[in-house]
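**Q** Here it is: the structure, laid out below.
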Amino acid sequence: MPGADKIFGIHGTALALRSQRLNMLASNIANAGTPGYKARDLDFEKAMAMTDQGKSMSQIMATSSGYRTPLQPSMDGNTVELSTEQTLFAENAVQYRTTLSFLESRVNGIKRALKGE
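Residues 1 to 117, numbered by the UniProt record's numbering, are exactly what the sequence shown covers, in order.
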């Protein structure tokens with residue numbers, strides 16, 4: 001959508017990145033009992049910095065995501081630490097909702113302006 005960057009700023013990109021991170025963290029949680037599964041995460045700050053450089057979403061995801069090093073490795077090679085994943089998921093979900101609320105208020109403001117309110 002032309003001009004969307006001017007209207008929504010970095011918040012649209014932030015929402016997309018937070019969504020990707022939620023998917024990664026959910027996958028980690030779902031695979032907590034899978035032998036050999038390697039927990040992945042997204043470095044959100046690095047990803048946002050890359051958007052300023054004009055990188056595509058696929059470039060950002062490839063460069064700013066990686067495997068998590070567990071504090072206590074498991075015997076079966078699984079690197080998911082369930083309590084860590086659940087905490088990160090909850091934090092990211094709150095941040096996602098905050099960004100979404102901001103965007104909703106921006107859209108509502110635009111609608112009111114278009115209606116002449």
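All C-beta atoms in this analysis are idealised placements derived from N, C-alpha and C, irrespective of residue type, glycine included.
(1) Run the CB neighbour count on residue 24, radius 10 Å, all protein chains shown included, and call it buried at 16 or more, exposed below.
(2) So, is residue 101 buried or exposed, given that buried needs 16 or more other C-beta atoms within 10 angstroms?
(3) In this structure, does DSSP put residue 74 in helix, strand or coil?
(4) Pull the bridge partners of residue 42 from the DSSP assignment, please.
(5) So, at 7 Å on beta carbons, what are the nonlocal neighbours of residue 8 in its own chain, with the 5 sequence-adjacent residues on each side left out?
(6) Less than 8 Å between the beta carbons of residue 92 and residue 21, yes or no?
(7) Which residue comes first and which comes last in the alpha helix (DSSP H) that contains residue 31?
(8) Is residue 86 near residue 29, with beta carbons less than 8 Å apart?
**A** In this structure, then:
(1) Taking the sequence shown and counting its residues from 1, the one referred to as residue 24 is at position 24. When all chains shown are included, residue 24 counts as buried.
(2) Numbered from its first residue, the sequence shown carries residue 101 at position 101. Looking at its Cβ environment, which holds fewer than 16 other Cβ atoms inside 10 Å, residue 101 is exposed.
(3) Here residue 74 is taken as the residue at index 74 of the sequence shown, counted from 1. Residue 74: coil per DSSP, three-state reduction.
(4) Position 42 of the sequence shown, counted from the start, is the residue given in the question as residue 42. Per DSSP, 65.
(5) By 1-based counting over the sequence shown, the position of residue 8 is 8. Same-chain partners within the cutoff: 103 and 106.
(6) As a first step, residue 92 is located in the sequence shown; it is residue number 92 there, counting from the start. As a first step, residue 21 is located in the sequence shown; it is residue number 21 there, counting from the start. A contact, by the Cβ cut-off of 8 Å.
(7) Indexing the sequence shown from 1 puts residue 31 at position 31. That residue, residue 31, is in no alpha helix (DSSP H); it is neither H nor E in DSSP.
(8) Here residue 86 refers to the residue found at position 86 when the sequence shown is read from its first residue. Here residue 29 refers to the residue found at position 29 when the sequence shown is read from its first residue. Yes, Cβ-Cβ distance for residue 86 and residue 29 is below 8 Å.
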